[in-house]
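Notes to accompany the following structure.
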Amino acid sequence: MTRFHADAGRFAGIASLAIAAAALAGFGLVTAADHTDGPLAAGDQAADIADVFSFVTGDNLVLALTISNVQAAPEIQLGQSIFDPEVLYQFKIDGDGDAVEDLVIQAFVTGNPSNQVMHFRGPVAPAVAGDEARIVQGPVASVRVSTDATPITNERQGMRVFAGVRDDPFFFDLAQLLQILGGQASGFEDPGTDTFAGLNVYALVVELPLALLGDPSSLTVWATTHRL
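For the sequence shown, this note's numbering gives the first residue as 7, with consecutive numbering after it.
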């Protein structure tokens, strides 16, 4: 049975800088973060999207996609296989406001469990809009998957890529939300408590020149995962 998950994010401006940078540079404990999902997503955690982040910095666009918990285990052990070779990860970019992707950046992993390499293709126009399973043709930027605190990156034609374990950049006060839902509180506190602090997710991060996107009138970004 085909499994398909999607998540979307719209530009939040420079305020997103610290959040998405954490996906690239931060590294916490070796326990896993997981965000509450429906039965379909929860049943395939290797393809379970946690969050999508996007922001513009200077002349570049940064995209980050986090996957919750590939092993479906309490801990993410360093050095183990972390990305599923049967899953295609995609960023989709709409440049004219019609909610149909004009460009895609795809990522898929190869290699053995102790030495995975993530391959990024794009940005290129998909052969068929909405196609989730077809790997596009075009230049490839490949990078070894990072499994420890030191990030490994690679660059091709101005596009820099990263794949690996990182501290969950999503800030959320779950305990306070439960208080609000239970009628014990009327709103969130300032400052709040980050429920996901020190918990890890698997991150795919791409930084590329805006010039590679042509001349879009607007930019909307979302992400999908699909089993090949």
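Every residue gets a Cβ at the ideal spot worked out from N, C-alpha and C, and that includes glycine.
I'd like the span of the alpha helix (DSSP H) that includes residue i, first residue to last.
i	result
residue 184	180–187
Does DSSP put residue i in a helix, in a strand, or in coil?
i	result
residue 217	helix
residue 105	coil
residue 52	helix
residue 148	strand
Just curious, the beta strand (DSSP E) that residue i is in, first and last residue?
i	result
residue 224	First-last for residue 224: undefined, no H or E at that position.
residue 200	Per DSSP, residue 200 belongs to no beta strand (DSSP E) and is neither H nor E.
residue 161	159–162
residue 129	121–130
Cutting at 7 Å between CB atoms, please list the residues of its own chain near residue i, excluding the five before and the five after it.
i	result
residue 132	107, 110, 142
residue 6	Within the shown structure, residues of the chain are numbered from 7 to 234, placing residue 6 beyond reach of any answer.
residue 135	106, 107
Within a Cβ cutoff of 6 Å, which residues of the same chain sit near residue i, ignoring the five residues on either side of it in sequence?
i	result
residue 90	52
residue 232	10, 94, 138, 139
residue 148	123, 125
residue 127	112, 142, 144, 146
Once the 5 residues before and after residue i are set aside, which same chain residues still bring their CB inside 8 Å of it?
i	result
residue 170	88, 151, 152, 153, 157, 158, 208, 209
residue 195	179, 182
Take the Cβ of residue i as the centre, count every other Cβ of all protein chains shown within 10 Å, and call the residue buried at 16 or more, exposed below.
i	result
residue 113	buried
residue 228	buried
residue 155	exposed
Does the count of Cβ pairs from the region 208–227 and the region 54–74 closer than 8 Å reach three? Remark: three or more beta-carbon pairs, one from each stretch, lie closer than 8 Å, so the region 208–227 and the region 54–74 are flagged as touching.
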